[in-house]
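Protein chains in written order, with the numbering used here: chain A, 1 to 732; chain B, 733 to 1051; chain C, 1052 to 1316. The C-beta atom is built at its ideal place from N, Cα and C for all residues, glycine as well. A short write-up of the structure that comes next.
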């Protein structure tokens, strides 16, 4: 099917300096955990997007020198010829698909702790990083300035050699050029500090030098936060923000605009629970609208809707649609619009799991929606191509249509299994997503800072996408409202049975801290609830609520948000140093804390519950159990351990003779039914099993390529031959 | 055979509006068809209801008094056959209604009539011609009825504007039919349908709201507006995404596909996935501030207006 | 007891489709075939009545008029529990109209002399809503259309049914078997077939008959037809939306007018 003509504008080429961008889809720089040291992952992850139609793809931030070393977080590096060689794998791959390759040259100043290089970062003034702990820069005198500017130039020349088309001087997220520009960092009194022109001098000179060096061959781009979101103490869009764009407009071929800084970069990579599509428009949208530039502008805002993209371009907000997360969630987003099937777009849900792995520092990126993200090279997974299974004559029964079951059935369908039945006990597919997506919105009111308490509604996209795909698959039948007994499963007639029956919350306070139930905890009582019962409104919730937050991710705080938004007095107790620890990694924590404060939620950390009595929760300080505290309550929410619903699996597995006599050749358990986990991992688990359903032992994951230096001589083919799935193999 | 015969409908003593729409439809072809335009009403209340059917252009009102208090398919079938015998019409128009579906096809089969249901347009060229939808109205099928002396069409309600009721100046004639012992079902009672869970796929009138409502606090007023209007409230995905409404109310590819008689959209821009779920509604009315909103490409009626101002006025108009 | 369930394999159009060059129909490449949704409910109603009846020897027979494409639908009914299936096809049935199909079904049903005939209210592709009642007309069977509640008393051979009327009103009435009912969606929750039942359905009797087998003359279809399709066309391209101009009050007034007009009848 041809694309809808209303989307033609998204496919018009546009000139960026000496380069032509073939369409308006642009993957802005974002981290994936590959850097220059996992060249296979780097090349194949970006290459997948090029194959999917993105007109340009960039590296993540790319260090120009060992003085800008972000270890343990993973950046790209272009320090030497070895890095040139590894990054050239990426540019080659992009060029095969007609996409431009961009590189984001980065010097972090005090934000880069240099834990591997042991170098000393330099900065405009000696003020410790507001992002890293206790990292002070060395004050840059004029010689230092020239040295660092030469690092940019040398890196740019190496980037050209590596085949990059677009070279960034990266100043957004409060890295070095921005540190010079912003009075929040820059306290200098020389010609690099004070007035706007002085503060802009470092950046302008750096742009000039890089342009002189490679500008004839490469497009020069700059990423710039038009507003630091700190008010008058730093850059504001209406003041120095647009002024800087005007001031350096002659030196760039492309503006890549953002907001905020690295210390709270969730203001830029906004999670869906606080920010909606195109949320940066009030800031970044002012630049073109106010005629402050004559150059193309790319910007972001987790835009997944093609109509929004058209509106952004037509309204003159941006010329080019930038995307990081939407391109991870669906590398084929442009192709799907071009082929007239926008309903197939796998939309980003804004959970920021991708970001969490960078924040944790090291693990490869993951994506809730796209289980193949980061697996393109090491497992050979392609998000849109599926090898027909070698055992596709088999029929499969998948029990439970939660995240793992939906994904598994969908992939099995795409692998052309003869018949796949996905059977769900509830009235609709989606499993835990159906109630989780109702959490956290509290009252939808504006937050204290920016954004609003939108809740987890967009997480429902996990179900939306799979539902549309399952509907399209002729070999997959979905049956709802059908709870199968062990006997029914045995007699179902499937040769492969996959159990994806999820998990439930402990009702007795069993938890990870004490490894024991909490005396008095009992969610069968009408005043004690598990989180799902809060959503189902199965029980009346009293005025004073204590939520035991032992889960360390979104659950306890989202319940607190919901109940506080409804007018309850809520107290959160956690044994940990912080509530919802993992939400630091997903960048949701700062906005969450603002919202909990707005809603009047009381937070007690390092506080473990001792016992629960009617009307009273007894707790103690984990560092001094003698220090006791009591909380008067009407309702207690037990957000403690989760327990697999694996009874069906265990019963099936127990009778091997019966399995054999019924013709069941394979029995597997996936997702929370195997072990409770995050949704991103449940979907991966379901996907993984379906990808490897025809391997000798499907329950055992196949090895993946480990990109580490091997001693002695090695050929790239040695790696690829290990794989069973390879994205490049022509389909049968 | 000549002339056009309209089969009117009443329920519990009240004339149903489709009857007067059929009069309008019949008037448009009566002249070409030749002969008289007659309107028949069958039922225990035929004589009471009859005079209202004497609208302008109607030559005669016919009443067939049935022994049953309420509609009974086999009695109505027999009455229709009696009318065909006595009046010899070349074209019969009935409503495409639940009652008509209960007897008209049986008569068409037994009398070998020309026959089509759910007709949306009628013309005359050496006999009747009719247009009806195919494949869920994605196509139109044009039909003719060769060799048929009499053709029975059931006409989709809501397409023709109702004729003004008569005031008793048109002659009314009772037609005799032997309807004793014809009934084969026994009426027990009427009950109001129980309001189960909301099922927007079954609703005939959806008032649908989208991102344009801006704030969760604005939703209750649209719930009330829908209630006053006799509509069921549905929503586009952004409102479900925002957690403001349950997904059971969501129209679109990832929600429910709906085909109501009227789809009234407030503040819905019309993303592809949304349009896929509602584009086959019979009548689409869209109110949106953005004149470029894609929903206007599928709407039958559009207004570029502030949805809150229009909602204010609707609230007043509906009292 | 025997229940006959006439079903139809319906075609859905792809979002983009092409007509045949002569305009007589849709290019089959753009059609997707499936069992009519309404018929899944009539089939379920039949299976439930059979299961609730005392004793053995009860039978649910599924019948369709259609070419080989229709066999898939019959197999799905057999998989769900129908006892046997009959597919009627003859080249002259190509493009047959609603009365012709009802005529052919009538011949088949008459031979079965069932206690109940359960049809779907309508098919999703043609949407005539008439096949069942026309069939009843041919056979002079008592009939009730648009049934959304059904309670069959096998001992008394009596069905108490709810007829769904416009505007949320329901009529409760009673009819004696043999009778024909047209079944509305939502009356029950149709079951699905397990993989084993799907495999086993292929072992169940599925008979294919032509017109002669049913004792019908070759021209029976043409004779019975109630209409002839002259042309199949896409709807006239609309002028786009008719824009309602004026003050919010004027817009609101027009909306009320349009809604009342469309919702009447």
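One finds nothing in chain C with a Cβ atom closer than 9 Å to the Cβ of residue 1021 of chain B; even the nearest lies about 12 Å away.
Rounded to whole angstroms, residue 498 of chain A and residue 160 of chain A show a C-alpha spacing of 50 Å. Checking the DSSP bridge columns, you'll see residue 1227 of chain C partnered with C:1209.
When beta bridges are read from the DSSP output, residue 399 of chain A appears opposite A:423, A:499. DSSP places residue 51 of chain A in the helix class (H, G or I) of the three-state scheme. If you check the CB distance, residue 333 of chain A and residue 98 of chain A do not come in under 8 Å. For residue 653 of chain A, the number of other beta carbons within 10 angstroms of its own is below 16, and it is reported as exposed. In the structure shown, residue 455 of chain A falls within a coil segment according to DSSP collapsed to helix, strand and coil. Spanning the alpha carbons of residue 502 of chain A and residue 618 of chain A requires a straight line of approximately 32 Å. Proximity of residue 1233 of chain C to chain A, defined by a Cβ-Cβ separation below 8 Å, is not satisfied. Under DSSP, residue 937 of chain B shares a beta bridge with B:994. With 16 or more other Cβ atoms from the protein chains shown falling within 10 Å of its own Cβ, residue 44 of chain A counts as buried. For residue 203 of chain A, the secondary structure class from DSSP, reduced to helix, strand or coil, is helix. Non-local C-beta neighbours of residue 1186 of chain C in its own chain, meaning closer than 6 Å and more than five positions away in sequence, comprise 1153, 1156, 1157, ordered along the chain.
Restricting attention to B:995, B:1029, B:1041, B:1036, the CA atom closest to the CA of residue 1013 of chain B is found in B:995. If only uninterrupted alpha helix (DSSP H) runs of at least 4 residues are considered, those enclosed by the region 116-195 of chain A are 142-161, 176-181. For the region 840-872 of chain B, the beta-carbon criterion of a distance under 7 Å to any beta-carbon of chain C is satisfied by 840, 841, 842, 845, 846, 847, 848, 849, 850, 865, 866, 867, 868, 870, 871, 872. Taken in chain order, the unbroken stretches of alpha helix (DSSP H) that lie wholly in the region 13-81 of chain A and span 4 residues or more are 39-51. Looking only at A:15, A:535, A:622, A:520, the smallest Cα-Cα distance to residue 577 of chain A is reached by A:622. Straight through space, the alpha carbons of residue 572 of chain A and residue 564 of chain A are spaced by roughly 11 Å.
Put simply, the CB of residue 1217 of chain C is near chain B, with a gap under 8 Å to one of its CB atoms. Put simply, of B:742, B:873, B:914 the residue whose alpha carbon is nearest the alpha carbon of residue 1287 of chain C is B:873.
Proximity of chain C to residue 395 of chain A at the Cβ level (cut-off 7 Å) is accounted for by 1246, in chain order. Taking 8 Å as the cut-off, the beta carbon of residue 1195 of chain C is found no closer than this to the beta carbon of residue 1037 of chain B. The alpha-carbon separation between residue 650 of chain A and residue 554 of chain A amounts to approximately 30 Å. Straight across, the Cα-Cα distance linking residue 757 of chain B with residue 1173 of chain C is about 24 Å. Within its own chain, the residues whose Cβ lies closer than 7 Å to the Cβ of residue 459 of chain A, once the five positions on either side in sequence are excluded, are 349, 351, 433, 436, 437, listed in chain order. Judged by beta-carbon spacing, residue 1283 of chain C lies within the 8 Å limit of residue 1075 of chain C, meaning their Cβ atoms are closer than that value.
The beta carbons of residue 858 of chain B and residue 1178 of chain C sit about 27 Å from each other, so the pair does not count as a contact at 8 Å. Going by beta carbons, residue 1054 of chain C and residue 1167 of chain C fall inside the 8 Å limit. For the options C:1102, C:1233, C:1059, C:1305, the alpha carbon positioned closest to that of residue 1126 of chain C is the one of C:1059. Sequence-distant Cβ neighbours of residue 1010 of chain B in its own chain, meaning closer than 6 Å and more than five residues away, are 983, 990, 995. Burial state of residue 143 of chain A is exposed, judged by a 10 Å Cβ sphere holding fewer than 16 other Cβ atoms. Taking the Cβ atoms as the reference, residue 543 of chain A lies roughly 6 Å from residue 568 of chain A, within the contact range of under 8 Å. Taking 8 Å as the upper bound for CB-CB distance, residue 770 of chain B and residue 819 of chain B are in contact here, some 6 Å apart. Interface annotation for the region 1090-1112 of chain C against chain B: empty, criterion Cβ-Cβ distance under 7 Å.
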